[in-house]
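Shown next, in structure tokens, is the structure this report addresses.
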Amino acid sequence: MSEWDTIRLEQEDGVATLTVDRPDRLNALNVETLEAIEEALDEAADDDASALVLTGAGDDAFVAGADISYMQDLSTPEAQAYAELGHRVADELEQFPAPVIAAINGYAFGGGCELALACDLRVASEDAVIGQTEIDLGIIPGWGGTQRLPRLVGDEIARRLVFFGERIDAQDAFEHGLVGEVVAGDQLDDHVAQLADDLAGKPTYALAAAKEALNQAHETSQEAGLRYERRLWSGLFGTHDQREGMEAFLEDRAPEFE
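Numbered per this note's numbering, the sequence shown finishes at 377, counting up by one with no gaps.
Below, the structure written as structure tokens:
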């Protein structure tokens, strides 16, 4: 397994945990860290991870955002390159061939919020604070926030969050639909680990197909999405997991998926 200076990747029983490890900088994302995340996602996918957890090191932050000290003096072409790197990482999370859970254990601002938006599920500590805070830096969300946030919380709430740069607590984030669950801070790791373990026990190919089909709902018309679903659904027939799942159901026993 590869090693990086600013992140950690750990894998156990089919679950990969990717931790942004810059607690002294509230896990802010510089170029080195984003490139390391890209490499780690590729490695986890190559190792056939059945679930992936994304979180931040320390007690204060999930990811507090992009590295402002790095961004401050960027030219327009340099900013474009930085945006493209951030988009690649978010896209890879969204397209990772297994469910991705964001364990939001603290501040998730700007680019940190955008990485969480690219995950499949978001679980927040009750101490978490979340926001698209870029407006007060004289910029806008640049790693997908203007596109993914409205799809998750609706247009009105997304505009308010982006226009005002508001920082909201975990309960408000839950009420807006920005996160799916809020748990006590000292229970977050165990709760997310249980979710990831449960996902890792599901049939891998069916989970990947389900994620692919759900993602497609945001990319195309309903008619095209329904055609896509039919292809994915029928393609699962004849796999070990399809046969095992249905045989187990008919025999009233627990399935043993690959």
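Every residue gets a Cβ at the ideal spot worked out from N, C-alpha and C, and that includes glycine.
Here the structure is a predicted model, which means the values were calculated and not measured.
For the set Val-272, Ala-247, Arg-279 and Gly-284, the Cα lying nearest the Cα of Ile-258 is the one of Gly-284. Excluding sequence positions up to five before and after Arg-141, its CB lies within less than 6 Å of the CB of Thr-125, all in the same chain and listed in chain order.
Looking at the DSSP output, Phe-228 bridges to Gly-250.
The residues Phe-228, Cys-232, Leu-280, Gly-284, Glu-285, Arg-286 and Ile-287, in chain order, have a CB closer than 7 Å to that of Gly-250 in the same chain once the five nearest residues on each side in sequence are set aside. If you check the CB distance, Val-242 and Glu-157 do not come in under 7 Å. Arg-350 counts as exposed, since fewer than 16 other C-beta atoms from the protein chains shown sit within 10 angstroms of its C-beta. Among the bridge pairs identified by DSSP, Glu-300 is matched with Val-242.
Under DSSP, Glu-131 shares a beta bridge with Val-134. As DSSP reads the structure, Leu-171 sits in a beta bridge with Ala-135 and Val-219. Val-134 is positioned such that its CB atom lies closer than 7 Å to that of Ala-170. Taking the C-beta atoms as reference points, Thr-174 is found nearer than 7 Å to Ala-222. Per DSSP, Phe-181 is one residue of the beta strand (DSSP E) stretching across 180-182.
Taking a C-beta distance under 7 Å as the contact criterion, Ala-202 and Gly-261 qualify as a contact pair. In this structure, the alpha-carbon of Asp-371 lies about 15 Å from that of Gln-361.
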